[in-house]
Amino acid sequence: MPGCGKSLTAKAAAGLFQLPLLRLDIGSLLGKYVGESEHNMRRALTMAESVSPCILWIDELEKAFVGMNSGGGSEVSSRLFGYFLTWMQEKTGAVFVIATANNITALPPELLRKGRFDEVFYVGFPNAAERAAILDIHLKGDGLQLSSDQRIKLVAQCRDYAGADIQNAINEARESAFLDHRELKLEDLEAAIAATVPLRETLREQVGKYEELFEKLKLKAASTCEGLSVAQMIKLADDPNAIRRETVASNPDCPDDLLEKLAGDAVLAIRTAVYRNPNCPERLLTLRINIEAGRPDYDLGLLHLACIHPLAPHDLLASQFSRLKFESEHKQALAQNSTHPLLLEQLVVEEDVLVRQALAHNKGLGIDIQRVLSKDAQAQIRLALAGNSGLLAEVQALLARDEDFDVREALARLPGLAEVVQVALLSDDDLDVRLALANRVGEGQLPETVQLQLVKDCVEVRLALAANPTTAGAAQLLLAQDAYLQVRIALAEHPALGAATLQYLAQDSDAVQRALAANRHWNSPHLQRALAHSAARDVRAALAGNPQVATDVLALLAEDADPAVREALASNDSLVAPIIETLLNDAQADVRAAVILWHTRLPEAQQLHIARDSEASVRGRMATFVSLTDAVQALLLDDVADVQEELAGNRYINISTQHQLFAKGTVEIRRALAQNPEIDGSTQAMLADDMAVAVRSGLASNTALVAPVFDKLLKDVQEVQVQLASNTSLGEAQYGQLLKSRFDEVREALAGNPHISEALMAALSQPWTPPAQGRHHPISKYTAQPKPPAVNLVLAGNSKLCEALQGEYVSQCFACVPLMEALARNPALDETVQMRIAGHDEMYVREFLAANPGLALNVARKLVKDSTATVRAALVRNQALDRDIEQRLAADTTARVRRALAVNQRLSKRTQLLLAVDPEKDVRTALLQREPYDRAPALRHLVQARLATDKDLDIRKLLAAYPRLSPSLQRQLASDESITVRKALAQHNGSSSLSEEVQLRLLNDPETSVRLALVTNRQLLPQVQLMLARDSNIKVRLALIDSSYQWHPHLSLDAQMHLANDPEPEVRVALADKLFGMYALPSAEPILLALAGDKEPSVKQAIVDCLTFGGIRYSEAVKTLLLNDVDEDTREMLEDLLESSVED
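Heads up: the sequence shown begins at 1 in UniProt numbering, then just goes up one per residue.
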């Protein structure tokens, strides 16, 4: 086909095979003397053979040997042709001949036979994938980034275009952009393509003949043809089989003339497929739209299909809008896609809210339509408009003043929001609007001028800005000096910190340094070394786990005195071999175990070293290692039972190890081995004969069970067969054998297996018809009526229950409540079945259906109107709800329903506000029921503010304990008149820790009970702990010590030192209890020395008592002080205790 890349194919072949390409021009061989042409031909072909291997390309072959097929060629041409035929047959050189031709019927048959040209390929018009590739090639280097939708649109617009047509259109677009002194745009390409007349149009008859010839000669397509070729479509368009004609009508690459032909087909489905074809031509659509009611070929359904087609003539639709009898769905489709001004003007005044809402999403709206929509009385219309990426700056400014906070918040998130509008939104009263601004990400989405204004906003906004990856250097510097600690911590996690900001943060508190140390996006060896010498263990531990840290710094951390730091280092995946070796010889078992957990490629010498470790927990971890050598496996085989059990579950153990574990292992070990999916068939066979039923049951659940073992277990006891039936990795035939089991429990287990086939489900289902009952007296689970077979109940709950059985149960057993309840819970229910069950008389059936996670939206909209409150309440699940359903539930007259809704953590802001002022206390309480570290979206700030002023003390107390309490409201509640509220706030432990300001305010609370509550807070800042350690009330100091324990060692070293010198012996005794013994808190040598040398006998006695239960290793200086000033008996006992702690 002309312009489709025949010549380019020859060039591509040469490039692909990396061979020289020679072009043979037959016309240039012709000479004026007798015999000269033949001589030139011989020289050319000899040259080709001399440079072989090579590719010889002959372009326009039918023109070179014109007339040969009809006998009309000249004598010279005949001799050249004859010589060329002989050479092709007899050539000895590796010369690969490629010839191109537009009309192969003009070529003599002797040239086309096998042996000369081994294959004839037809190069036709490119299909969609090929057109996309051609576009990508020719646009490469232009800098034009096309979205997926834009690319698809251009590909569709290029239908029927040859590759040359596409290239020419792109060149025209480039020229247009160049003349306008600008970059190439999508609009240039669209205009150029539209202005290009493709070859299929200019050479329609000739192209048609070529395509018919392609099908007639059975030529092989040059490209991978996905679906039908044009020639095949031409043939199938006349096929008597309507399904095949419909396939042609649906094909996106179907030519226009074929579509026009099929549009008159007698079968409605074929005509429908034509108008649904995404490339149905405008001319055909226009013809359909012009058919008026009353004419024989008038069809309203086809008319509407033509009208909503993307290529429909919208000027015609606008002129005949009233005649076309559009339904709401048609108007919505037009509203969302049309760009015709007259049509849009008619749609914007539609009373149907859904039509105007669809119009608001249209990205091609003009300024006038956008203005009208921005003043629409319905907030949901303005909300949709605010999210429209084609929104013009003037209308953005109008919406920035909208009375609805949702509209302004959506606008603040809009990509491409004008800077002047962003500046206007900076002064918005609603915090959520300003937060949306601070969260804008992407290049150019948040100008520096806006950032510098946001830095001056409230702490919530500054937190969001600090976490924003696009925050620039100037704003970063200001945030690095922020008074609020959490802002600086969030900034320390920023992926693109400036050098100056980095230096500021490196000098900050331990909490900021910890966040900075864990940040993987900076690389300053000098700063890393400084952090590695930090006095704070948490800082060093965070640095140790950072894979971007320099090797010399990691080596320094490997010698850290704190085991928690070394354990964190073990998890670092960038460790070099010497550091791993150091950690494997660490004195702490947890460090050695962590190395095995995080590093799966250890040499055999290191594996053997670990396999001889003194700690069974370390050896047990080694037993799970993925690349255990045979020698290590042999060593672990003689270990304790716990280690052997871990080894038995390792998928990578060899067959010898498997057999030995079977021979010497306990029941638990053999069961772990039986459940290992990688054990050998011979091992499975041995386990199948095990005396213990637990072992054989474990084997039956193995997902890699071999056939002979299955056959043996099939005859085993009921417990084993039940495990087989529950196994989700068996074959259909194996499940079929289980169907014949004599145990009902086996068939029930099989019925619950989601991997059985539909046929097997049908075979399992037992015929059962419930006894006749009145409509209002179904068979209930609470009555003594006959119940359905147990296997049917299990099947009804199978998550892959086929639609046929669903329909059968609903139609035949609708009155059976237990069966309908099981079915109603099934998440795989078809929507039609759900709709039937939604009309069931039994409340519990509808309730279970309402709680179904797979509930269809239409069914949910029916159930939200249910007369029973429990059914409506069951619709509430912890997921985003449909807007209409949410609004109905929020306005429900039953408090139980509103309470259920309030628990949902993904409610809209408007609904949250409504529930926050609900007259029922239980509803407001439900809003605040959250887990401490729940990751669900937090209650909006405005909602929290409403609850903070609630008159009910319990509500404010719950808010004070709310895990995601905003910093501003923390400050407000810290001054609450109620002691109970302030106590709840002091104990606040959640994902948003108390700010430094609030902790200090609570620290100075006149009520001792508030300070006592504060000491239990696990997120206290070190300076606050120190001040609490200085509290005048001894109860506070004692409570501070008592609230610290090994798993949450939040007592700072400064606080410990102050408490170690406390004037009250009772405080020092309490501290000694925490710092000595088996579960001692991490501490420092000076603190331990201060307590060990304490002159108060009760302090030393407390230390002795702690050491009785074991302890950590202590320095010689600590030991010396402990042994001073004690009697001989105590000295001997202490020496024994200290010696035993060293041995441990």
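Beta carbons: idealized from backbone N, C-alpha and C, even for Gly.
| For Ile885, which three-state DSSP category applies? | Walking along the sequence shown from the start, residue 885 turns up at place 885. Helix.
| Can you list, in chain order, the residues of its chain whose CB lies under 7 angstroms from that of Gly5, leaving out five sequence neighbours each side? | Within the sequence shown, the letter at position 5 stands for residue 5. Closer than 7 angstroms at Cβ, skipping near neighbours: Val123, Gly163.
| query | Could you give the distance in angstroms between the alpha-carbon of Met622 and the alpha-carbon of Ile653? | reply | Taking the sequence shown and counting its residues from 1, one reaches residue 622 at position 622. Taking the sequence shown and counting its residues from 1, one reaches residue 653 at position 653. Approximately 12 angstroms, taken between the alpha carbons.
| Under three-state DSSP, which class holds Lys951? | Walking along the sequence shown from the start, residue 951 turns up at place 951. Of the three classes helix, strand and coil, the one that applies to Lys951 here is coil, per DSSP.
| said: Could you pull the DSSP bridge partners for Leu56 from this structure? | reply: For the purposes of this step, residue 56 is taken as the residue at position 56 of the sequence shown. Paired residues: Leu22, Val97.
| Segments assigned beta strand (DSSP E), at least 3 residues, entirely inside the segment 95-177 | Counting whole runs of 3 or more residues, the segment 95-177 contains the beta strand (DSSP E) stretches 95-99.
| task | Sort Pro563, Ala499, Arg520 by Cα distance to Gln548 and report the nearest one. | result | As a working note, residue 548 is residue 548 in the sequence shown. Proximity to Gln548 across Pro563, Ala499, Arg520 peaks at Arg520, based on C-alpha coordinates.
| message | On the criterion of 16 or more Cβ atoms from any shown chain inside 10 Å, does Gly774 qualify as buried, or is it exposed? | response | Taking the sequence shown and counting its residues from 1, the one referred to as residue 774 is at position 774. Because the pLDDT at Gly774 is just 46, under 50, the model does not fix this residue reliably, and the value given afterwards should be weighed accordingly. Gly774 is classed as exposed because its beta carbon has fewer than 16 other beta carbons within 10 Å across all chains shown.
| query | Nearest-angstrom Cα distance between Thr100 and Leu61? | reply | Residue mapping note: residue 100 aligns to position 100 of the sequence shown, counting from 1. Residue mapping note: residue 61 aligns to position 61 of the sequence shown, counting from 1. Near 6 angstroms, if we compare the C-alpha coordinates of Leu61 and Thr100.
| query | Is DSSP giving Leu813 helix, strand or coil here? | reply | Position 813 of the sequence shown holds residue 813. The residue asked about is misnamed: residue 813 is Cys in this sequence, not Leu. In the three-state reduction of the DSSP assignment, Cys813 falls in the coil class.
| Rounded separation between Leu1003 and Arg1011 - CA only | Here residue 1003 refers to the residue found at position 1003 when the sequence shown is read from its first residue. Here residue 1011 refers to the residue found at position 1011 when the sequence shown is read from its first residue. When rounded, the distance between both Cα atoms is 6 angstroms.
| message | Taking the alpha helix (DSSP H) that Lys1035 belongs to, which residues open and close that run? | response | The residue labelled residue 1035 in the question sits at position 1035 within the sequence shown. Residue range 1034-1042 is occupied by the alpha helix (DSSP H) that includes Lys1035.
| said: Can you tell me where the alpha helix (DSSP H) holding Ser374 begins and where it ends? | reply: Within the sequence shown, residue 374 is the residue found at index 374, counting from 1. 367-374 is the extent of the alpha helix (DSSP H) around Ser374.
| Are Asn989 and Arg1018 touching if we call contact CB-CB under 8 angstroms? | Sequence index remark: in the sequence shown, residue 989 carries index 989 (1-based). Sequence index remark: in the sequence shown, residue 1018 carries index 1018 (1-based). Taking 8 angstroms as the cut-off, the Cβ atoms of Asn989 and Arg1018 count as close.
| task | Please report the residue range of the alpha helix (DSSP H) in which Arg314 lies. | result | In the sequence shown, residue 314 corresponds to position 314, counting from 1. The sequence as given places His at residue 314; Arg does not occur at that position. Judged by DSSP secondary structure, His314 falls within the alpha helix (DSSP H) whose first and last residues are 314-319.
| said: Taking the straight line between their C-alpha atoms, what separation do you get for Tyr1114 and Thr1108? | reply: Here residue 1114 refers to the residue found at position 1114 of the sequence shown. Here residue 1108 refers to the residue found at position 1108 of the sequence shown. Rounded to whole angstroms, Tyr1114 to Thr1108 spans 14 angstroms at the Cα level.
| message | As a quick exercise: from Thr629, Ile596, Ser627, pick the residue whose alpha carbon is nearest that of Asp613. | response | Locating residue 613 in the sequence shown gives position 613, where the first residue counts as 1. Considering only Thr629, Ile596, Ser627, the residue with the shortest C-alpha distance to Asp613 is Ile596.
| request: Determine the closest residue to Ser427 out of Leu184, Val455, Ala249, with distance taken between C-alpha atoms. | output: On the sequence shown, position 427 is the one that residue 427 refers to. Residue nearest to Ser427 within the set Leu184, Val455, Ala249 is Val455 (criterion: CA-CA distance).
| query | Alpha carbon to alpha carbon, what distance is there between Leu516 and Phe17? | reply | On the sequence shown, position 17 is the one that residue 17 refers to. On the sequence shown, position 516 is the one that residue 516 refers to. Their Cα atoms are separated by approximately 54 angstroms.
| Complete runs of the alpha helix (DSSP H) confined to the segment 341-370 [at least 4 residues] | Within the segment 341-370, the complete alpha helix (DSSP H) runs of at least 4 residues are 341-347, 353-360.
| field | Local conformation of Ala1080 per DSSP, three classes | value | Your numbering for residue 1080 matches position 1080 in the sequence shown. The answer is coil: DSSP assigns Ala1080 none of H, G, I, E or B.
| task | Express the C-alpha separation of Asn904 and Gln879 in angstroms, rounding to a whole number. | result | Numbered from 1 along the sequence shown, position 879 holds the residue referred to as residue 879. Numbered from 1 along the sequence shown, position 904 holds the residue referred to as residue 904. Going by C-alpha positions, Gln879 is about 7 angstroms away from Asn904.
| query | What residues are listed by DSSP as bridge partners for Lys220? | reply | Walking along the sequence shown from the start, residue 220 turns up at place 220. Looking at the DSSP assignment, Lys220 forms a beta bridge with Phe121.
| query | Under 8 angstroms, do Ile55 and Ala10 count as touching if we go by C-beta distance? | reply | Taking the first residue of the sequence shown as 1, we reach residue 55 at position 55. Taking the first residue of the sequence shown as 1, we reach residue 10 at position 10. Taking 8 angstroms as the Cβ cut-off, Ile55 and Ala10 qualify as a contacting pair.
| Which of helix, strand or coil does DSSP assign to Tyr275? | Position 275 of the sequence shown, counted from the start, is the residue given in the question as residue 275. Note: Tyr275 maps to helix in three-state DSSP.
| query | Going straight from the alpha carbon of Thr1008 to that of Ala890, what length do you get? | reply | Locating residue 1008 in the sequence shown gives position 1008, counting from the first residue. Locating residue 890 in the sequence shown gives position 890, counting from the first residue. Those two C-alpha atoms are separated by around 42 angstroms.
| request: Let me know the secondary structure DSSP gives Tyr1114 once reduced to three states. | output: For this step, residue 1114 is matched to residue 1114 along the sequence shown. Reduced to three states, the DSSP call for Tyr1114 is coil.
| query | What do you get for Tyr809, buried or exposed, if any count of 16 or more other CB atoms within 10 angstroms of its CB means buried? | reply | Position 809 of the sequence shown, counted from the start, is the residue given in the question as residue 809. Within 10 angstroms of the beta-carbon of Tyr809 lie 16 or more other beta-carbons, which makes it buried.
| query | For the alpha helix (DSSP H) that Tyr962 lies in, which residues bound it at each end? | reply | Looking up residue 962 in the sequence shown gives position 962. Bounds of any alpha helix (DSSP H) do not take in Tyr962, whose DSSP letter is neither H nor E.
| DSSP on Tyr1045, reduced to helix/strand/coil? | Looking up residue 1045 in the sequence shown gives position 1045. In the structure shown, Tyr1045 falls within a strand segment according to DSSP collapsed to helix, strand and coil.
| field | Contacts around Lys219, its chain only, beta-carbon distance under 6 angstroms, and the 5 residues preceding and following it disregarded | value | Working through the sequence shown from its first residue, we reach residue 219 at position 219. The question names Lys, but residue 219 is Leu in the sequence shown. Within the same chain, Val120, Tyr122 come within 6 angstroms of Leu219 by CB-CB distance, once the 5 residues on both sides are set aside.
| Which two residues bound the contiguous alpha helix (DSSP H) that contains Phe17? | Residue mapping note: residue 17 aligns to position 17 of the sequence shown, counting from 1. Segment 6-17, the alpha helix (DSSP H) holding Phe17.
| Is there contact between the segment 80-90 and the segment 182-189, where contact requires at least three CB pairs shorter than 8 angstroms? | Between the segment 80-90 and the segment 182-189 there are fewer than three inter-stretch CB-CB distances shorter than 8 angstroms, so the stretches are not counted as touching.
| query | In terms of residues, what are the limits of the alpha helix (DSSP H) holding Glu567? | reply | Walking along the sequence shown from the start, residue 567 turns up at place 567. Here the alpha helix (DSSP H) through Glu567 covers 563-570.
| query | What span of residues does the alpha helix (DSSP H) with Lys787 cover, start to end? | reply | Taking the sequence shown and counting its residues from 1, one reaches residue 787 at position 787. Unbroken run through Lys787: none, as it is neither H nor E.
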